[in-house]
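Novice: In the working numbering, the protein residues as written are 233 to 743. Before I ask anything, here is the structure I am working with.
Have a look at this one:
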């Protein structure tokens, strides 16, 4: 195997000729002679991955169906985040609504076990989806989520409520792994940035909006209505999944080989001489996916044991570790702030009562700004970089610069929140809200840019990479949530949030 010395001796031309994982020729450069006799440079986007001729290929689906998949998966991620986090701002009120009363550090376990199982449940969800298809697993998980929310609404004891939260966490798991993988299945490389930005704003927005509304729901209607509202929304999402989302797990290589053997071919792109705008055209597949075909549930890809081992093999890739640590650090910060923040604001000198959820206004504003930042830059960077290269190569790393300001702001935001919480005053809440907003801006980049990086680099095993990412996120969030209330109570908020920010700063250097 070539060593580091060999790698550093490569010329730029040799580097360009090599194709690391995820590198693809996204842009074809061509000179055309115009009617005036001048040479005009035209850039054409190449469709990556190459679609087959099958109407069952998700890349060949009409735009409306692709966006139906995107919005259904985004809604699933929103609801999972909403139902998971909505109880956090309600904990100060839940302390008096559940009998017998429980201390706040014990009630925080309702959040901790939920986020832990959201990640750990994917150890079996994703291998099952890679074996039997995305659609049956998504239907099963949404059904389980609906029933678990019903259980939470019917629970009359802390033990029963804790068990319902555990089952909820298991049902919510695919929203963080299989859902983004479905988005990657139906969009081309040059389209994924914006698609993942939409998915991410729903994912992050669920936590922020639940933080705003959870305390009001618990204060005005009772905490059980958090579960009843979630149950109704999950039932609606289940109906959308059944009727609008066909199976996205597709053996494209086998179909491309069959197309090649049968001599089927077609132009995958073209240049418009009248415009410098980049345009894309696909060969229309013979026939269209029927409604009956869209309802077909399940495929079989065999070798279940191998699929259970694949997530652990993904740890061999540095990109998996980078996204794992970033996502774990940021989600840990979000969950910690959403858990202890309402407790701070319920005490003097603030005494916000059921208004403690307003802390999430900052996070919501930061998340929306982060969405627009990612939406307009992610795909532009990767296509722009490919157009500048003479080879027209698109590198997954081209998206990563979008993360730099986000990681800086998120790290600074964790410190800002901790410092202001450690020095309570009538106006210190402003710094807490702003700090939370900075973290909210940062959290938009990890699923959007980080998940996109994994999709582009290791698309065949991206779901396995997502498993390890969500496990790390859940373990970190569980650990921080489980002991942070006690740690803050003993040491004050400055030390815990100082340590959290320091860890996030170290993780950020890995980019």
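No residue lacks a Cβ here, since even glycine has one placed at the ideal position from N, Cα and C.
1. According to the neighbour-count rule (16 or more other Cβ atoms, all chains shown, within 10 Å of its Cβ), is residue 676 buried or exposed?
2. Is the stretch 313–327 touching the stretch 341–349 in the sense that three or more CB pairs, one from each, lie closer than 8 Å?
3. Looking at the C-beta of residue 579, does it have a partner C-beta in chain B at a distance below 8 Å?
4. My output table needs one value for residue 737: the three-state DSSP class, helix, strand or coil.
5. Helix, strand or coil for residue 532 per DSSP?
6. Does the separation of the CB atoms of residue 317 and residue 381 fall below 8 Å?
7. List the endpoints of the continuous alpha helix (DSSP H) containing residue 577.
8. Give the secondary structure of residue 646 by DSSP, where H, G and I count as helix, E and B as strand, and everything else as coil.
9. With a cut-off of 8 Å on the beta carbons, I'd call residue 552 and residue 697 a contact; round off their distance for me.
10. Pick out the complete alpha helix (DSSP H) segments inside the stretch 408–476, 4 residues or longer, and give them in chain order.
11. Over what stretch of residues does the alpha helix (DSSP H) that includes residue 588 continue unbroken?
12. For residue 743, which of helix, strand or coil comes out of DSSP?
13. Of all the options 524, 439, 705 and 396, which has the alpha carbon lying nearest to the alpha carbon of residue 463?
14. For the stretch 594–602 against the stretch 668–686, are there 3 or more C-beta pairs whose distance is under 8 Å?
15. By Cβ distance below 7 Å, which residues in the same chain neighbour residue 466 in space, the five residues on each side in sequence not counted?
16. Straight-line CA distance for residue 313 to residue 356?
17. Three-state secondary structure (DSSP) at residue 658?
18. Using only CA atoms, which one of 690, 307 and 710 lies nearest to residue 469?
19. So what's residue 724 in DSSP terms, helix, strand or just coil?
20. Looking at the secondary structure, which residues open and close the alpha helix (DSSP H) in which residue 527 lies?
21. CB-CB under 6 Å to residue 234, same chain, minus the five flanking residues each way: which ones, in chain order?
22. So for residue 729, helix, strand or coil by DSSP?
23. Going by Cα to Cα distance, which pick from 428, 398 and 736 is closest to residue 604?
24. Measuring CB atoms only, is the stretch 357–370 touching the stretch 278–297, in the sense that at least three cross pairs come out at less than 8 Å?
25. Determine the contact status of residue 390 and residue 291, defining contact as a CB-CB distance below 8 Å.
26. From which residue to which residue does the alpha helix (DSSP H) around residue 690 run?
27. Could you check what DSSP says for residue 582 in three-state terms: helix, strand or coil?
28. Can you grab the Cα-Cα spacing for the pair residue 632 / residue 452, in whole Å?
29. Using three-state DSSP, classify residue 288 as helix, strand or coil.
30. Apart from the five residues just before and just after residue 705, which ones in its own chain have a Cβ nearer than 7 Å to its Cβ?
31. Could you tell me the alpha carbon to alpha carbon distance between residue 673 and residue 594, rounded to whole angstroms?
32. Quick test of the definition: if touching needs 3 or more C-beta pairs under 8 Å, does the stretch 631–645 touch the stretch 682–689?
33. From the DSSP output, in three-state form, read off residue 705 for me.
34. Do you know offhand how far residue 649's Cα is from residue 729's?
35. Which value, in whole angstroms, describes the spacing of the CA atoms of residue 568 and residue 663?
Specialist: If we stick to the structure as given:
1. Along the chain shown, read from residue 1 onward, the residue named residue 676 stands at position 444. Classification of residue 676: buried, given that the 10 Å Cβ count is 16 or more.
2. yes
3. Here chain B cannot be found, since the structure has a single protein chain.
4. Locating residue 737 in the chain shown gives position 505, where the first residue counts as 1. The answer is helix: DSSP assigns residue 737 an H, G or I state.
5. Position 300 of the chain shown, counted from the start, is the residue given in the question as residue 532. Three-state result, residue 532: coil.
6. Your numbering for residue 317 matches position 85 in the chain shown. Your numbering for residue 381 matches position 149 in the chain shown. No. Outside cutoff.
7. Looking up residue 577 in the chain shown gives position 345. Taken as a continuous stretch (DSSP letters only), the alpha helix (DSSP H) holding residue 577 covers 550–578.
8. Locating residue 646 in the chain shown gives position 414, where the first residue counts as 1. Three-state result, residue 646: helix.
9. Taking the chain shown and counting its residues from 1, one reaches residue 552 at position 320. Taking the chain shown and counting its residues from 1, one reaches residue 697 at position 465. Confirmed, Cβ separation roughly 5 Å.
10. 410–418, 421–452 and 456–476
11. Taking the chain shown and counting its residues from 1, the one referred to as residue 588 is at position 356. Taken as a continuous stretch (DSSP letters only), residue 588 belongs to no alpha helix (DSSP H), as it is neither H nor E.
12. To locate residue 743, count along the chain shown from 1; it is residue 511. It is coil, neither helix nor strand.
13. As a first step, residue 463 is located in the chain shown; it is residue number 231 there, counting from the start. That would be 396, whose Cα lies nearest to the Cα of residue 463.
14. yes
15. Here residue 466 is taken as the residue at index 234 of the chain shown, counted from 1. Contacts found: 311, 374, 377, 378 and 381.
16. Within the chain shown, numbered from 1, the residue matching residue 313 stands at position 81. Within the chain shown, numbered from 1, the residue matching residue 356 stands at position 124. Their Cα atoms are separated by approximately 20 Å.
17. To locate residue 658, count along the chain shown from 1; it is residue 426. If DSSP states are grouped into helix, strand and coil, residue 658 belongs with coil.
18. Taking the chain shown and counting its residues from 1, the one referred to as residue 469 is at position 237. Out of 690, 307 and 710, 307 has the C-alpha closest to the C-alpha of residue 469.
19. Position 492 of the chain shown, counting from 1, holds the residue named residue 724. Looking at residue 724 - three-state DSSP - the assignment turns out to be coil, as it is neither helix nor strand.
20. On the chain shown, position 295 is the one that residue 527 refers to. Here residue 527 belongs to no alpha helix (DSSP H), and DSSP marks it neither H nor E.
21. Against the chain shown, residue 234 aligns to sequence position 2. Residue placement at residue 234 is flagged as unreliable, the pLDDT there being 44, under the threshold of 50; the coordinate-derived value follows with that caveat. Excluding residues within five positions, none has a Cβ falling inside 6 Å.
22. Working through the chain shown from its first residue, we reach residue 729 at position 497. Here residue 729 sits in helix by DSSP.
23. Against the chain shown, residue 604 aligns to sequence position 372. Among 428, 398 and 736, the Cα nearest to that of residue 604 is on 428.
24. no
25. Counted from its first residue, the chain shown places residue 390 at position 158. Counted from its first residue, the chain shown places residue 291 at position 59. No, the pair does not count as a contact, with Cβ atoms beyond the cut-off.
26. For this step, residue 690 is matched to residue 458 along the chain shown. Careful: residue 690 lies outside any alpha helix (DSSP H) and carries neither H nor E.
27. What you label residue 582 is simply residue 350 of the chain shown in a count that begins at 1. Looking at residue 582 - three-state DSSP - the assignment turns out to be coil, as it is neither helix nor strand.
28. Here residue 632 refers to the residue found at position 400 when the chain shown is read from its first residue. Here residue 452 refers to the residue found at position 220 when the chain shown is read from its first residue. If I take the Cα positions, the gap works out to 44 Å.
29. Sequence index remark: in the chain shown, residue 288 carries index 56 (1-based). Three-state DSSP puts residue 288 in coil, outside helix and strand.
30. Taking the first residue of the chain shown as 1, we reach residue 705 at position 473. Within the same chain, residue 705 has close Cβ partners 351, 559, 560 and 563.
31. Reading the chain shown from its first residue, position 441 is the one you call residue 673. Reading the chain shown from its first residue, position 362 is the one you call residue 594. Approximately 10 Å between the Cα atoms of the pair.
32. yes
33. If you number the chain shown from 1, residue 705 lands on position 473. Three-state result, residue 705: helix.
34. Position 417 of the chain shown, counting from 1, holds the residue named residue 649. Position 497 of the chain shown, counting from 1, holds the residue named residue 729. Computed Cα separation, rounded: 8 Å.
35. Against the chain shown, residue 568 aligns to sequence position 336. Against the chain shown, residue 663 aligns to sequence position 431. Rounded to the nearest angstrom, the two C-alpha atoms are 16 Å apart.
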